[in-house]
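Some notes on the structure that comes next.
Numbering (this note's numbering), first residue to last: 68 to 243.
Below you can see the structure in the form of structure tokens.
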């Protein structure tokens with residue numbers, strides 16, 4: 068809190084963190100592919116960066132989310148942060164949604180998102196869960212609109228292939 072000199076600004080920052088922490092954790096959880104510890108690290112790192120500029124931030128929520136997106140991208144670009152999950156066999160899921168409750172769908176979505184590349188996961192989260200337009204997603208990720216479109220197309224196809232139970236759903240219906 069050394070960066071915040073004014074007690075009113077410090078109080079405003081603490082109130083923001085208290086009010087928005089659950090939503091920021093949900094976003095971080097999705098961006099990190101369902102890794103709780105990485106999600107906590109992402110939120111903490113983003114808030115540590117934001118606190119240094121807090122008095123100059125007009126839209127705190129948007130600013131923190133932008134810092135989170137960029138921080139996650141930075142981590143993806145570092146080779147030592149990239150991990151693969153090795154499995155002997157691809158897990159089998161039930162063919163239909165009959166009997167599949169909301170908790171199961173969330174687990175299925177989390178596993179399916181974890182199988183995507185970090186860029187694919189980021190495009191889906193930003194485009195469909197955050198409901199950002201393609202040009203905004205391209206700006207955040209530092210790529211072209213065409214790359215966002217093709218990545219979204221390939222990512223959705225991969226999600227459908229790895230988790231057919233999600234075929235009838237909108238991603239925003241599963242994550243609330």
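Here a beta-carbon is modelled for each residue, glycine too, at the ideal position from N, C-alpha and C. These numbers were taken from a predicted model, which means no experiment stands behind them.
Check	Outcome
By the DSSP assignment, the alpha helix (DSSP H) with residue 195 in it spans what residues?	Segment: none, residue 195 is in no alpha helix (DSSP H) and carries neither H nor E.
For the 8 Å Cβ check, are there 3 or more pairs between the segment 170 to 185 and the segment 100 to 116?	yes
Can you look up residue 184 in the DSSP assignment and give me helix, strand or coil?	coil
Taking all protein chains shown into account, decide if residue 111 is buried (16 or more other Cβ within 10 angstroms of its Cβ) or exposed.	exposed
Whose C-beta lies closer than 6 Å to the C-beta of residue 147 among residues of the same chain, with five residues either side of it excluded?	A caution first: residue 147 carries a pLDDT of 47, below 50, which makes its placement in the model unreliable, though a value can still be read off. Contacts found: none.
Output the boundary residues of the alpha helix (DSSP H) element that contains residue 104.	103 to 118
What first and last residue would you give for the alpha helix (DSSP H) that runs through residue 77?	74 to 98
Give the secondary structure of residue 211 by DSSP, where H, G and I count as helix, E and B as strand, and everything else as coil.	coil
Roughly how many angstroms separate the alpha carbons of residue 214 and residue 190, rounded to a whole number?	10 Å
Go ahead and pull the three-state DSSP assignment for residue 126.	coil
Alpha carbon to alpha carbon, how far is residue 232 from residue 222?	16 Å
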